[in-house]
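Student: Residue 524 in this note's numbering sits at position 522 of the sequence shown, with consecutive numbering throughout.
Could you have a look at this structure, given as structure tokens, before my questions?
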Amino acid sequence: MPHHPPPPGPRRRTLFALALAFALTVSLTSCARSGVSAEAASRTLVVDTAFNAKSIDPARVYQPTDYLVDHALYETLTTYRGKDLRTPKPGLATSWSNSHDGQSWTFTLREDARFSDGSPVEASDVVFSFDRLRHVDASPAYLMAGITAKAEDAHTVVLTTDSPRADVPAMLATPQFGVVNADVVRAHGGTDRKDAVTKDKAETWLNTRSAGSGPYRLRSYSNSSQIVLEANPEYAGDAPAYPRVIIRNVPSAQQQLLGVQSGDSQIALDISALQTKGLHDDGLVVDDSRAAEVLYLAVSRAKNLPTASADVRKAIRLGIDYKGLVEIAGPGSTQATGILPTVFTGGLGKADAAAYDPGAARALVTKAEKEQGLRKIELTLDYASDYHRLAGLDYGVLAQRVQNDLGKIGITVTLRPSPTSTSLQRYVDGETQLALWSYPPDYLDPQNILGFAPGDFLSKRVHWPAKDAPALGALTKAAYRAVDERDRLTAYTAWNRAMNEDGPFVPLLEPNFVTVASSEVTGLVRNPLYYLDLAALGRSEG
């Protein structure tokens with residue numbers, strides 16, 4: 003689409019609105035810092051992000067902003083260090099091992115860990131936390147399906163699974179498995195019993211106070227304005243460089259950028275790759291991190307649609323100009339090579355990426371029209387008009403590009419934008435013909451991506467039952483069963499390639515997440531699960 007400069011009047015109003023909003027944000031932060039010495043204020047880290055927050059109770063946490071907070075408040079048995087997303091590292095657990103049958107994991111706990119009240123972290127706290135996660139039965143409870151936890155002694159926890167599971171260490175790094183102080187949570191209405199779904203009353207308290215052993219403890223929490231953390235004096239690790247953290251709700255990416263540039267904040271989390279041009283010259287730190295998710299086009303296989311034809315689905319795959327989409331997405335983004343992101347075991351190389359062949363695609367469309375007795379193929383493309391979480395991508399612009407590409411091969415596409423809640427519900431209910439989505443994994447392991455397999459929950463949205471793809475079903479079972487890393491690589495690579503053959507999900511992009519920070523911040527590394535490890539950040543005195 004052509005872009006025209008805006009008329010002078012609206013441009014001035016836009017700038018004034020941004021400036022006013024920015025001034026209000028500065029005022030809020032000043033209030034948050036009131037009563038704090040100048041030295042303490044200089045050691046306060048201010049992080050700006052567009053809030054997606056609801057609860058920081060580990061048994062209920064399910065929103066991105068809350069993940070960032072809980073990772074700082076609660077320790078997990080395993081964690082990640084730096085940019086390595088394939089190898090979980092020790093957290094509360096110093097070591098772990100798996101049984102020969104792959105169904106029993108034994109974790110040995112650190113003996114120096116202390117909760118924020120000074121009491122020791124013990125295996126009984128781990129079991130309480132995990133059982134509470136299961137029995138509160140909130141959105142993340144499914145993570146405990148098929149798993150039982152038992153304390154062998156004060157510093158040994160055994161997890162038993164109902165089938166071989168290689169993904170357990172990766173899963174335990176998620177904030178839902180944050181370990182809480184069992185005695186404190188019980189004292190404030192919490193329970194891990196089977197009736198916790200109705201009897202547990204600790205959420206309100208856990209949204210005002212924390213009960214963890216992490217590097218920070220909670221000072222205040224508002225899921226609409228700001229969250230304040232302070233260093234936990236009982237933390238067994240190194241004290242964080244920033245003893246105080248303020249996380250602010252700043253919906254506008256431009257406003258976030260102004261905050262870092264002016265020095266009012268130190269980190270902006272929601273800047274798009276296109277906005278970073280020239281920022282290195284401004285003395286700012288720009289961290290680029292490949293997303294652990296794929297932007298894809300979901301193609302319905304419903305029998306009453308033209309896309310029930312394998313030829314039409316193949317035409318769509320061949321008829322998209324992936325290079326053009328990458329250019330729209332901005333620096334650092336790449337064409338997706340499969341539905342399984344490249345950061346995971348089983349990710350594919352460039353040779354496996356779909357080719358752009360509009361001539362072949364047009365021939366397939368012509369063939370399908372004749373076979374189906376259609377004058378032309380018409381489809382509707384759904385997308386969320388207000389969804390910018392994925393690296394700041396504008397789904398509307400991307401949808402228009404797909405519409406244009408498919409139009410060139412003879413498929414007429416009508417765009418159907420709607421709010422995220424509406425668009426997602428239509429997709430979940432199987433009502434879409436084409437839909438633009440991504441799937442942020444709940445934990446960093448390829449097993450979490452098997453929801454795309456035929457007959458699983460994501461494939462049900464596009465009417466792809468297991469009976470229609472028995473060979474892929476066998477590959478899916480092999481991937482689940484694989485425990486040894488070499489076997490997993492073989493199994494997931496084969497599964498990923500097979501999904502490319504005739505799967506109803508067309509992988510489009512692996513976008514680039516960008517984090518912008520002031521030059522004083524060191525150790526900046528983005529994590530696709532919880533944004534940042536706040537305690538791992540350093541502070542330059544220069």
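By construction, the Cβ of each residue, glycine as well, lies at the ideal position given by its N, Cα and C atoms.
Just so it is clear, the structure is predicted and the values come from calculations on it, not from any experiment.
Sorted by chain position, which residues of the same chain lie with C-beta nearer than 7 Å to D272's C-beta, five sequence neighbours on each side aside?
Tutor: As a working note, residue 272 is residue 270 in the sequence shown. T51, A52, A255, Q258 and G394.
Student: Return the first residue and the last residue of the beta strand (DSSP E) that R391 is part of.
Tutor: One-based indexing of the sequence shown puts residue 391 at position 389. It is not in any beta strand (DSSP E) - R391 carries neither H nor E in the DSSP assignment.
Student: Would you identify the three-state DSSP class for G453, choosing helix, strand or coil?
Tutor: Here residue 453 refers to the residue found at position 451 of the sequence shown. Here G453 sits in helix by DSSP.
Student: Here's the rule I'm using: 16 or more other beta-carbon atoms within 10 Å means buried, otherwise exposed. How should V399 be labelled?
Tutor: Taking the first residue of the sequence shown as position 1, residue 399 is located at position 397. V399 is exposed by the Cβ-count criterion.
Student: Which whole-angstrom value describes the C-beta separation of A484 and A168, a residue pair presumed to lie in contact below a C-beta threshold of 8 Å?
Tutor: The count along the sequence shown starts at 1 and reaches residue 484 at position 482. The count along the sequence shown starts at 1 and reaches residue 168 at position 166. Confirmed, about 7 Å.
Student: Taking 8 Å as the threshold, find out whether the segment 147 to 159 comes into contact with the segment 108 to 128 through three or more Cβ pairs.
Tutor: Verdict: yes, contact present.
Student: Does Y82 come out as helix, strand or coil in the three-state DSSP assignment?
Tutor: On the sequence shown, position 80 is the one that residue 82 refers to. Coil, per DSSP.
Student: With respect to the alpha helix (DSSP H) encompassing R2, which residues constitute its N-terminal and C-terminal limits?
Tutor: Residue 2 cannot be examined here, being either before or after the span of the chain that is shown, 3 to 544.
Student: Among P142, R88, L145 and A184, whose alpha-carbon lies nearest the alpha-carbon of P122?
Tutor: Numbered from 1 along the sequence shown, position 120 holds the residue referred to as residue 122. Closest option to P122, Cα to Cα, is A184.
Student: Taking the straight line between their C-alpha atoms, what separation do you get for T162 and S106?
Tutor: By 1-based counting over the sequence shown, the position of residue 162 is 160. By 1-based counting over the sequence shown, the position of residue 106 is 104. If you take the alpha carbons of T162 and S106, they lie about 5 Å apart.
Student: Could you check if P467 is buried or exposed, using at least 16 other CB atoms within 10 Å of its CB as the buried criterion?
Tutor: For the purposes of this step, residue 467 is taken as the residue at position 465 of the sequence shown. With fewer than 16 other Cβ atoms within 10 Å, it is exposed.
Student: Does the beta-carbon of D133, which I'm using as the reference point, lie nearer than 7 Å to any heavy atom of the ligand PLP?
Tutor: Within the structure as shown, the ligand PLP is missing, as the structure has no ligands at all.
Student: For Q374 and P308, I'd like the C-alpha separation in whole angstroms.
Tutor: Against the sequence shown, residue 374 aligns to sequence position 372. Against the sequence shown, residue 308 aligns to sequence position 306. Approximately 8 Å between the Cα atoms of the pair.
Student: Per DSSP, what kind of secondary structure is G37 in: helix, strand or coil?
Tutor: Working through the sequence shown from its first residue, we reach residue 37 at position 35. Note that G37 has pLDDT 49, beneath the 50 cutoff, so the model's placement of it is unreliable and no number is given.
Student: Within the segment 173 to 232, note down every full alpha helix (DSSP H) run reaching 4 residues or more, in order along the chain.
Tutor: Complete alpha helix (DSSP H) runs here, min 4: 184 to 189, 198 to 201 and 205 to 208.
Student: Excluding sequence positions up to five away, which residues of its chain have a Cβ less than 7 Å from the Cβ of S57?
Tutor: Indexing the sequence shown from 1 puts residue 57 at position 55. These residues qualify, in order along the chain: V63, D68, E205 and N209.
Student: Tell me which residue opens and which closes the beta strand (DSSP E) that R112 is part of.
Tutor: Along the sequence shown, one-based indexing puts residue 112 at 110. Careful: R112 lies outside any beta strand (DSSP E) and carries neither H nor E.
Student: For the alpha helix (DSSP H) that I330 lies in, which residues bound it at each end?
Tutor: Position 328 of the sequence shown, counted from the start, is the residue given in the question as residue 330. Unbroken alpha helix (DSSP H) run through I330: Y324 to A331.
Student: Should P59 go down as buried or exposed, given a rule of 16 or more other Cβ atoms within 10 Å for buried?
Tutor: If you number the sequence shown from 1, residue 59 lands on position 57. Here residue 59 is Asp; the residue named in the question, Pro, does not match the sequence. Buried: at least 16 other Cβ atoms inside 10 Å.
Student: Nearest to N54 by CA position, among L392, E512, K462 and I451, is which residue?
Tutor: Position 52 of the sequence shown, counted from the start, is the residue given in the question as residue 54. Nearest C-alpha to N54: L392.
Student: Rounding to the nearest angstrom, what Cα-Cα distance links S335 and R292 in this structure?
Tutor: Here residue 335 refers to the residue found at position 333 of the sequence shown. Here residue 292 refers to the residue found at position 290 of the sequence shown. C-alpha separation (whole angstroms): 8 Å.
Student: Can you say whether G120 is buried or exposed, counting buried as having 16 or more other CB atoms within 10 angstroms of its CB?
Tutor: As a working mapping, residue 120 is identified with position 118 in the sequence shown. So G120 counts as exposed.
Student: Does DSSP classify I379 as helix, strand or coil?
Tutor: Position 377 of the sequence shown, counted from the start, is the residue given in the question as residue 379. The answer is strand: DSSP assigns I379 an E or B state.
Student: Are three or more beta carbon pairs between the segment 379 to 387 and the segment 332 to 349 nearer than 8 Å?
Tutor: As far as the Cβ criterion goes, the segment 379 to 387 does not touch the segment 332 to 349, which means the pair count is below three.
Student: So, using beta-carbon positions, are T278 and V516 closer together than 8 Å?
Tutor: Position 276 of the sequence shown, counted from the first residue, corresponds to residue 278. Position 514 of the sequence shown, counted from the first residue, corresponds to residue 516. The answer is yes: Cβ separation under 8 Å.
Student: Thinking V314 and V367 are a contact (beta carbons under 8 Å), I'd like their distance in whole angstroms, please.
Tutor: Position 312 of the sequence shown, counting from 1, holds the residue named residue 314. Position 365 of the sequence shown, counting from 1, holds the residue named residue 367. Right, their Cβ atoms sit about 7 Å apart.
Student: I'd like the list of long-range same chain contacts for L539, defined as Cβ closer than 8 Å, with 5 residues on each side in sequence excluded.
Tutor: Residue 539 sits at position 537 when you count from the first residue of the sequence shown. Here the set comprises L47, P242, A243, Y244, V523, T524, G525 and L526.
Student: Taking DSSP as the reference, what is the three-state secondary structure of N251?
Tutor: Here residue 251 refers to the residue found at position 249 of the sequence shown. Residue state, collapsed to three classes: strand.
Student: For S224 and L231, what's the separation of their Cα atoms in angstroms?
Tutor: Residue 224 sits at position 222 when you count from the first residue of the sequence shown. Residue 231 sits at position 229 when you count from the first residue of the sequence shown. Distance between the alpha carbons of S224 and L231: 12 Å.
Student: Please tell me whether L320 and A370 are closer than 8 Å, where the distance is taken between their beta carbons.
Tutor: On the sequence shown, residue 320 is found 318 positions in, with the first residue counted as 1. On the sequence shown, residue 370 is found 368 positions in, with the first residue counted as 1. Not in contact: L320 and A370 (Cβ atoms no closer than 8 Å).
Student: Does the beta-carbon of A189 have 16 or more other beta-carbons within 10 angstroms, so that it is buried, or is it exposed?
Tutor: By 1-based counting over the sequence shown, the position of residue 189 is 187. A189 comes out exposed.
Student: If you count every other CB in all the chains shown that lies within 10 Å of the CB of P421, and 16 or more means buried, which is it?
Tutor: Position 419 of the sequence shown, counting from 1, holds the residue named residue 421. By the 10 Å Cβ count, P421 comes out exposed.
Student: With distances taken from CA atoms, which of P177, V129, A455 and N514 is nearest I330?
Tutor: Counting from 1 along the sequence shown, the entry for residue 330 is found at position 328. When each option's Cα is compared against that of I330, the closest is N514.
Student: Give every residue of the same chain whose Cβ lies closer than 8 Å to the Cβ of D504, excluding the five residues on either side of it in the sequence, and list them in chain order.
Tutor: Reading the sequence shown from its first residue, position 502 is the one you call residue 504. Only A312, R315, K316 and A471 meet the Cβ criterion.
Student: Count the other C-beta atoms from every protein chain shown that fall within 10 angstroms of the C-beta of I451, then say buried if there are 16 or more, exposed otherwise.
Tutor: On the sequence shown, position 449 is the one that residue 451 refers to. Buried, since its Cβ has 16 or more Cβ neighbours within 10 Å.
Student: Let's test the definition: count the other Cβ atoms within 10 Å of the Cβ of N406 and tell me whether it reaches 16, buried, or not, exposed.
Tutor: In the sequence shown, the residue the question calls residue 406 occupies position 404. By the neighbour-count rule (16 or more Cβ atoms within 10 Å), N406 is not buried but exposed.
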